[in-house]
Amino acid sequence: MTGPLRPAFHEGQVLAAADLSATVEYARAMADRHARHLHDWGIAEGLGLVTGGRTDPLTNARYVEVSVTPGIAVDGTGREVVLTEPAVLRESDFEEVNGADQPTDEPYPVFLTAADREPAQAPGPVSCTSSATRTRVEESYQILFGRLGDERLVDEQRPPATGAPPADPPARWLVLLGYVRWTDGHFSGVETKARGVGVRFAGVRADTVSARSDALTLRTGPTAQEGKPALVLSGGDKPSLVFGLYQGSGTVAPLMTLAANGNLTIEGSFSGRMPVGSTLVVSGTATDGMLLPLPPGITAEQIADGRVVIHVQLTPRVPPTATTSTLVSTVEAAVDGDRRVRCRTRLYDPGAGSPAVVERPGAVDFLVLATVAATNGGG
85 MTGPLRPAFH EGQVLAAADL SATVEYARAM ADRHARHLHD WGIAEGLGLV TGGRTDPLTN
145 ARYVEVSVTP GIAVDGTGRE VVLTEPAVLR ESDFEEVNGA DQPTDEPYPV FLTAADREPA
205 QAPGPVSCTS SATRTRVEES YQILFGRLGD ERLVDEQRPP ATGAPPADPP ARWLVLLGYV
265 RWTDGHFSGV ETKARGVGVR FAGVRADTVS ARSDALTLRT GPTAQEGKPA LVLSGGDKPS
325 LVFGLYQGSG TVAPLMTLAA NGNLTIEGSF SGRMPVGSTL VVSGTATDGM LLPLPPGITA
385 EQIADGRVVI HVQLTPRVPP TATTSTLVST VEAAVDGDRR VRCRTRLYDP GAGSPAVVER
445 PGAVDFLVLA TVAATNGGG
């Protein structure tokens, strides 16, 4: 199989239509390969489903008109799909696909795919010969409604071969725009995710990302918004890696900073997996029936799977009602597998008018130590 053929010309050459078409096709194929292999396909800009309130003139029922905002998507073949103006979704198109379904609250998928069309008005002069053919092709689009569950088709699509040229007509590739809800013969709302499948946005494939301004910023939106997170890698005289939140001024307030010398500075508390040999402690006083707390950062799951071992020490307390002549003995001072305290105290005062043995719930001072088991691989 040969590689891509690049048109070449020379002086005096008679250019046929095929020569000029080859020039265009070479550039198209190169652009498609670039988009197909250096980027992940999806929505690049716009193409959101938006609603506008409407009233049915026959029933006075309220419903919504759904339209797609202008924007650009790149499909899995590398082709751009461009909407230059809003496109209103037609209810008749939806009914043609899903009109026979029983009423449901489940949202239906809406797809975008590329399509070639004859221009509404051919530009430029038209040949008077009988062999006159079109001189322009409109790279258009088509909006399709899917049935419930068709959103799974998105992940089942496979890109063309590495060197495949652009398909003519374009290969059908479904780009999910979102979902619509349907109630009583009209659209009633839109969603961006349903049944675990959401709208997919375009990405980039790269092992190296470099910045010319000596600072590289990663953020979760196309613009800097106050309160949104950002990750900033800075070079210069003081290299650092900063994670923080945008302020109103557009600067990033650091929450965690890693300096070039390895020093880590955090603004909040630090918690995580305990290394072997470390110990966390919590202490206090508990009465009979109380659950003992765990040291901060320790969870019941860590204890259950053996990552952390708990050690408990209990010291019975003398009841505050005891007198100097009262004999106090501890009947029980223990903690069960749920860390619930069991404490009973027996009191006898021989100096009382009617001495009797009294048994009542008691209290203990506790110390809970959490240590990492030595069998967890060393950290």
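According to the working numbering, the sequence shown is numbered sequentially starting from 85. Cβ atoms here follow ideal geometry from the backbone N, Cα and C, with glycine treated the same way.
Which of helix, strand or coil DSSP assigns to M114:
helix
Would V172 and E149 be called neighbours here (beta carbons separated by less than 8 Å)?
yes
Suppose only complete runs of 3+ residues qualify. What are the beta strand (DSSP E) ranges in the stretch 322-374, listed by chain order?
324-330, 336-343, 348-350 and 363-371
Counting pairs of Cβ atoms below 8 Å between the stretch 160-172 and the stretch 270-289, do you hit three or more?
no
Quick one: using the 10 Å Cβ neighbour count with 16 as the cut-off for buried, is Q386 buried or exposed?
buried
Determine which residues share a DSSP beta bridge with T197 and list them.
Q226
For the beta strand (DSSP E) that Q397 lies in, which residues bound it at each end?
V392 to P400
Identify every run of the beta strand (DSSP E) within the stretch 133-173, keeping only runs that are complete inside it and at least 3 residues long; order them along the chain.
133-139, 146-152, 155-158 and 164-167
Are the beta-carbon atoms of T301 and A290 separated by less than 8 Å?
no
For the alpha helix (DSSP H) containing E179, name the first residue and the last one.
E175 to N182
How would you write the range of the beta strand (DSSP E) that A314 sits in, first residue to last?
P313 to S318
If you draw a straight line from the C-alpha of L364 to the C-alpha of A337, how long is it?
31 Å
Which residues mark the beginning and the end of the alpha helix (DSSP H) in which I387 is found?
A384 to A388
Could you say which of E95, A343, D177 and R120 lies nearest to G287 if we only look at CA atoms?
R120
In whole angstroms, what is the alpha-carbon distance linking G130 and L261?
10 Å
Considering Cα atoms alone, identify which of D422, T399, D268 and L378 is closest to T139.
D268
Looking only at its chain, what residues have a beta carbon closer than 8 Å to the beta carbon of A344, apart from the 5 residues adjacent to it on each side?
K322, P323 and S324
Where DSSP assigns a beta bridge to S413, which residues make up the other side?
R430
Using a Cβ distance threshold of 8 Å, determine whether the stretch 293-313 contacts the stretch 222-237, with at least three qualifying pairs required.
no
Quick one: Cα of L431 to Cα of L375, how far?
25 Å
Proximity to R428 [Cα-Cα], best of I127, D420, G437 and A447:
A447
Quick one: give me the first and last residue of the beta strand (DSSP E) that E129 is part of.
G126 to G130
Member of P434, E109 and A370 whose CA lies at the smallest distance from the CA of A251
E109
For D116, does the count of other Cβ atoms within 10 angstroms reach 16, so buried, or fall short, so exposed?
buried
Cβ shell of T86 (< 6 Å), same chain only, five flanking positions each side left out:
none
Who are the near neighbours of E169 in its chain, counting only those whose CB is closer than 8 Å to its CB and skipping five residues on each side?
P154
Considering only the beta carbon of each residue, do P400 and A418 sit closer than 8 Å?
no
Paired residues, beta bridge with L260 - DSSP
F195
Straight-line Cα distance separating I382 from P193
44 Å
Find out if the Cβ-Cβ distance for the pair R256, T197 is shorter than 8 Å.
yes
From the DSSP secondary-structure annotation, give me the bridge partner or partners of D449.
T369 and T399
Rounded to the nearest angstrom, how far is the Cβ of Y147 from that of S294, given a contact under 8 Å?
Going by Cβ atoms, the distance from Y147 to S294 rounds to 51 Å, so no, they are not a contact pair.
Per DSSP, what kind of secondary structure is A100 in: helix, strand or coil?
coil
By DSSP's criteria, L300 is part of a beta bridge. Which residues make up the other side?
L317
Pairwise C-alpha distance: G305 and T292:
21 Å
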